[in-house]
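I have placed the structure first, in the form of structure tokens, so that the comments after it can refer back to it.
Number of protein chains: 4
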Amino acid sequence: MIAVLRQDATESQIESLCDWFQEKGLDVHISRGEYQTIIGLIGDTSRIDTDLLCGLSIVESATRVSEPYKSANRKFHPRDTVVKISDTVRIGGGHFAMIAGPCSVESEEQIVTVAKAVRQGGAAVLRGGAFKPRTSPYDFQGLGADGIHMLIQAGKAAGMPIITEIMNASQLDLFEEVDIIQVGARNMQNFDLLRELGRCGKPILIKRGLSSTIKELLMSAEYVMAGGCSDVILCERGIRTFETYTRNTLDLSCVAVLRERTHLPVVVDPSHATGAARLVTPMARAAAAAGADGIMIEVHNDPSAALCDGAQALTPAQFASAAADVLAVRRALGMEKDGEN
Amino acid sequence: MIAVLRQDATESQIESLCDWFQEKGLDVHISRGEYQTIIGLIGDTSRIDTDLLCGLSIVESATRVSEPYKSANRKFHPRDTVVKISDTVRIGGGHFAMIAGPCSVESEEQIVTVAKAVRQGGAAVLRGGAFKPRTSPYDFQGLGADGIHMLIQAGKAAGMPIITEIMNASQLDLFEEVDIIQVGARNMQNFDLLRELGRCGKPILIKRGLSSTIKELLMSAEYVMAGGCSDVILCERGIRTFETYTRNTLDLSCVAVLRERTHLPVVVDPSHATGAARLVTPMARAAAAAGADGIMIEVHNDPSAALCDGAQALTPAQFASAAADVLAVRRALGMEKDGEN
Amino acid sequence: MIAVLRQDATESQIESLCDWFQEKGLDVHISRGEYQTIIGLIGDTSRIDTDLLCGLSIVESATRVSEPYKSANRKFHPRDTVVKISDTVRIGGGHFAMIAGPCSVESEEQIVTVAKAVRQGGAAVLRGGAFKPRTSPYDFQGLGADGIHMLIQAGKAAGMPIITEIMNASQLDLFEEVDIIQVGARNMQNFDLLRELGRCGKPILIKRGLSSTIKELLMSAEYVMAGGCSDVILCERGIRTFETYTRNTLDLSCVAVLRERTHLPVVVDPSHATGAARLVTPMARAAAAAGADGIMIEVHNDPSAALCDGAQALTPAQFASAAADVLAVRRALGMEKDGEN
Amino acid sequence: MIAVLRQDATESQIESLCDWFQEKGLDVHISRGEYQTIIGLIGDTSRIDTDLLCGLSIVESATRVSEPYKSANRKFHPRDTVVKISDTVRIGGGHFAMIAGPCSVESEEQIVTVAKAVRQGGAAVLRGGAFKPRTSPYDFQGLGADGIHMLIQAGKAAGMPIITEIMNASQLDLFEEVDIIQVGARNMQNFDLLRELGRCGKPILIKRGLSSTIKELLMSAEYVMAGGCSDVILCERGIRTFETYTRNTLDLSCVAVLRERTHLPVVVDPSHATGAARLVTPMARAAAAAGADGIMIEVHNDPSAALCDGAQALTPAQFASAAADVLAVRRALGMEKDGEN
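Residue numbers (this note's numbering), protein chains in the order written: chain A, 3 to 343; chain B, 3 to 343; chain C, 3 to 343; chain D, 3 to 343.
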């Protein structure tokens, strides 16, 4: 950590600041210039609050040069985390999974049909929303507990583990048979929820918030991991920018950055990012090429007839074709392990 | 609402879509061009899901031309909402309030001292955080229930109503003696929480999310109002942009836009937006000039010594000076009602 | 084009507006609602100024539903444009090209060495900067005319066509032997320059501005095409967002969107977008998978020793490996035509 | 400047890097940690290229802690710059000016009428566009040389100095009788143009680019000042964000930041920022309260009838009212000097 002091800091102020750092167990290095004095701090600065430091009247700026996340940091845990989802499905460390299903569970028939279709098309995990966060209170909010029950049945019928989104910790009881609990983009910084989920013993997939930095995503993983959970999966799903042709801007560089900074697996969701079915396949191909450990795609049995979220859903046939492309890309780049997952 | 159809939409597809709109009680107007057909929908479209519409294979785009919010919409409720905070304090409709206090409640002595000082300096409402959402699990998270208790005592001691932030609905019992419940920027789209708060019978202040549009802020107000609450206060506190000199970019145009679009009062928080004490006074002056109904400012009894959040806090003396400036601006612009609030 | 009128527009105002539209040769369709009147305009609206329309006191908003670009629009020119760069190199319509070279031309020896190395590694076109736009007046600004001369020599020595950036129209004479003239991101809306380039008879590559929308990029292509030039290549090079781990955010969805909206070829520059050599290869792979017609990569003979722009440059060996990956991805996805380009 | 070295940097690499810094006349301070080594550089680092430093394989990151701008830096020139526009008009150092006029010069009659009206309403400087940068090649591009001539006549008729925008250096001859030359937002990083303007001996107003940081704006001022010009005026006119209710987001914090960082005067343009006449007055008031040295407002004699840019123009009467408000705010805040400008 680097602190730049103001020109008018007095010697005794600087001294008392340095004493305070040393009490925290940090090594302090001072560089004095004509217009500025710079203090370099070496040691475990993860528990030092940057805002706190900037709050001091003699400090002009404070910059963290080491990352404030530890459990999620590849520097301290160089080996890839492999998250075991079921007896046969793993994500991370070379294990790749296609995750597919409808945006919302609409009926048992619908979800079972889609489940079997995406399984056939190459999906390893079934997704489906039961609790839906909607911007408008007048929009459809999901089937709730019934939806989760239907999803569980569909997972069993198709022989697939399932993932679905939780909205608040009071719903946890309903998630006992859910294999991966998803934290949505809008809840990425619902710290109370993250803390609770860290104690529930299940793999947690955290979606990046619309305007969250990569560092903030890793700090949210840190919240979950601080509770004891090490099976965290990160998910890039587009960020908010000025561009309006796509719903959000899919940040694929984030995949490469995350692989470098963390040992946790990274999944990409091109459906929500682009908001347009016709952009999903090229972005799924690109996500695979960028090194994603999994790709989550919205699939609906009849997107054009359905009156819900069809805009971004693929048909089962389109999904199977996208999944085949993804596999082809992975093989071409030597990413695919034979006979696994 | 306007739907633009794809070039290849067939007559029978267009007809069945129009039938479906008419069943929803909407008037349908069709304009046919060489490359596009445009459908104009007149009537109550607030319950039509734009995503749903875009999902249809024959639809190229769908644009809402009337706002999806109703309860918060000035078009349907032209008169300003006046939120009654206490017997003597009101916000909105010409009533203006300075809200001040420390970022975090640290001790009973601290909060009582600050309360009396800001009251003296011109504040009408006391703020203070007890539950603090922090990006890092290793940072200070607030005093919790104890903090709320101290804040209540301080409010009584200084004779001021109080405002503090709630993190999740399970904390509601602790807020019985709180006068305004604050929803933080990170929870602006925690829809479960908003829905619960709409039923609690207290004024709710909603902070705009870091990357939330004005429309989304109004939709969040709509969630609270849908629960029966009409005492909603909106708060601009900076949005996330590419600029890094300030922590966030304070969007003061938002104040003028909100006054036009909604009858709800609008408060501005220059402390969190800028993250720097020396920018707070000019931005408080500007917020008053832009027409804000209230200004919320972080004040600490000893920002330079304190080891928490001092960067953006004013001293009580600086606050009193800023409050005097705000009053002067309001008087100069004829905004101040004599003898009130 | 759709115009939404204000509630208080009078009948005679509406009538005189409609007359004006009809004089412009447009068909006018009116839909009247309780709170709004909507006017749909069918016909060639590309010459109607949206700002102009919004300027009328009776207009609440005006939305273009057809694109304002015509020459670049795939709707009117469905077939891919193939840009002929040299006797053997083409870009677009299935023809793909790797473009490689140093950020700046430093010396004849350097540029010849790099040229031969990238040719060997799979590049079809040589890049190298002679005029460098730098944020600081104190930074190195390029070798200018000498640099262009060296680049031309290196292209001849390696048997490759060359591309380099122009800063203003007065430099055009120096570009006679340059095969593709590049317009940098900062000049994307230098309309005087675009207009001049449209008349110079050479292929023009336009880089997307840091904060330019896809539509604005297409409008800039329209400026060049309005001058008579049809050989325009578009280049995605990252947009400015709040994320700071990468220099800019590479928007690969833009590639898929552009392929849908325009017939012009699309090139991706992962070096400038990410600003970090270690992210270039994954992003080059992803760009190929997303369907780019070309990839532009910064290569330096000795990035670690060189004291210029090395951060984002690959070594020739790294480039050869990335180029092989790109080819593998294209083959796996059936994008590669045999025996061509 | 701070450089953080990679974990795997060898002693001899570090040593040779430090030698290189010392050759540049910098003092070097090394802090060694377990995972990182930090180098602090003290001295004149403005000529060190950060990109260059990051390019070295042993460098993880490099951060500038002192600003790269010198001539524009308040640290080195604490006194406010006062720009003399005419015998009676000054901007900066307590001198304030309203700048007003139409977006485009349309005819001599129009510009003379507006000039007299805004003079009457409190404007000190007359604005009017002759060369208009337009996104679409099909939109009106301004009257060019004729427009400048009309503007000069109008300035003389009303007894006001004038400001108008230049698009490229080849137009300079036409600007001989122009009092302030404006560089538009799209040309803020047209470095060739900036360099030329620095030598022309006239006051230059630089508009902040849509996606330019405050630092980049200051660096553009630095380009002009490097040519010998010290009469530079900075102009905030809104930045591009995700918000779409306003055309751009007016960043008023920028005014307070600039007053702290630079001695150059700062002007605010609420018309282009908001794009809506009804938001101009509240934002003009706010800009004055934030401490702007001038406010530039679009005024048209008949915005509702005119078919050009009326959306954001005030009528002369609205302008006079806004100007009176601005004066009232300035007086209330003690900003107004008696008997001057």
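Virtual Cβ for every residue (Gly too), placed ideally from N, Cα, C.
Coarse secondary structure for residue i, derived from DSSP in three states
{"i": "Ser18 (chain D)", "result": "helix"}
{"i": "Lys72 (chain A)", "result": "coil"}
{"i": "Cys237 (chain A)", "result": "strand"}
{"i": "Glu249 (chain C)", "result": "The amino acid occupying residue 249 (chain C) in the given sequence is Arg; Glu does not appear at that position. Coil at Arg249 (chain C), not helix or strand."}
{"i": "Gly94 (chain C)", "result": "strand"}
{"i": "Arg333 (chain A)", "result": "helix"}
{"i": "Ile150 (chain D)", "result": "helix"}
{"i": "Ala102 (chain B)", "result": "strand"}
{"i": "Thr12 (chain B)", "result": "coil"}
Proximity of residue i and residue j at Cβ, strictly below 9 Å
{"i": "Gly124 (chain B)", "j": "Pro104 (chain B)", "result": "no"}
{"i": "Met298 (chain C)", "j": "Ile101 (chain C)", "result": "yes"}
{"i": "Leu207 (chain C)", "j": "Val185 (chain C)", "result": "yes"}
{"i": "Phe193 (chain B)", "j": "Met190 (chain A)", "result": "no"}
{"i": "Ile235 (chain B)", "j": "Ile182 (chain B)", "result": "yes"}
{"i": "Asp148 (chain D)", "j": "Ala159 (chain D)", "result": "no"}
{"i": "Ala275 (chain A)", "j": "Val331 (chain A)", "result": "no"}
{"i": "Val328 (chain B)", "j": "Arg261 (chain B)", "result": "no"}
With 16 other Cβ atoms within 10 Å as the buried cut-off, status of residue i
{"i": "Ser18 (chain A)", "result": "exposed"}
{"i": "Lys134 (chain A)", "result": "buried"}
{"i": "Lys217 (chain C)", "result": "buried"}
{"i": "Ala326 (chain B)", "result": "exposed"}
{"i": "Ser73 (chain D)", "result": "buried"}
{"i": "Gln314 (chain D)", "result": "buried"}
{"i": "Glu198 (chain A)", "result": "buried"}
{"i": "Pro163 (chain B)", "result": "buried"}
{"i": "Thr12 (chain A)", "result": "exposed"}
{"i": "Glu167 (chain A)", "result": "buried"}
{"i": "Ala334 (chain D)", "result": "buried"}
{"i": "Ser14 (chain C)", "result": "exposed"}
{"i": "Asp51 (chain D)", "result": "buried"}
{"i": "Glu224 (chain A)", "result": "buried"}
is_contact[residue i, chain D] using C-beta, thresh 9 Å
{"i": "Arg333 (chain B)", "result": "yes"}
{"i": "Phe321 (chain C)", "result": "no"}
{"i": "Thr243 (chain B)", "result": "yes"}
Min CB distance residue i to chain B below 9 Å
{"i": "Thr248 (chain C)", "result": "no"}
{"i": "Glu179 (chain C)", "result": "no"}
{"i": "Pro239 (chain D)", "result": "Residue identity differs from the one stated: residue 239 (chain D) is Arg in this sequence, not Pro. It does not: the Cβ of Arg239 (chain D) has no partner Cβ on chain B nearer than 9 Å."}
{"i": "Pro284 (chain D)", "result": "yes"}
{"i": "Gln38 (chain C)", "result": "yes"}
C-beta neighbour in chain C for residue i, strict 9 Å
{"i": "Pro272 (chain D)", "result": "no"}
{"i": "Thr215 (chain B)", "result": "no"}
{"i": "Arg8 (chain D)", "result": "no"}
{"i": "Leu195 (chain D)", "result": "yes"}
Chain A contact for residue i (CB, 9 Å cutoff)
{"i": "Val259 (chain C)", "result": "yes"}
{"i": "Ala330 (chain C)", "result": "yes"}
(message) With three or more C-beta pairs closer than 8 Å as the rule, is the stretch 74-93 of chain D touching the stretch 270-281 of chain D?
(response) No: the two stretches stay apart, fewer than three of their Cβ pairs being nearer than 8 Å.
(message) So if I threshold CB-CB distances at 9 Å, which residues from the stretch 24-36 of chain A count as touching chain F?
(response) As a matter of chain content, chain F is missing from the structure shown, whose protein chains are A, B, C and D.
(request) Spell out a yes or no on whether the stretch 33-53 of chain D and the stretch 38-52 of chain A are touching, meaning 3 or more CB-CB pairs, one atom from each, closer than 8 Å. (result) The answer is yes - the stretch 38-52 of chain A touches the stretch 33-53 of chain D, with three or more Cβ pairs under 8 Å.
(request) Spell out a yes or no on whether the stretch 237-246 of chain A and the stretch 263-270 of chain A are touching, meaning 3 or more CB-CB pairs, one atom from each, closer than 8 Å. (result) With the cut-off at 8 Å, the stretch 237-246 of chain A and the stretch 263-270 of chain A touch.
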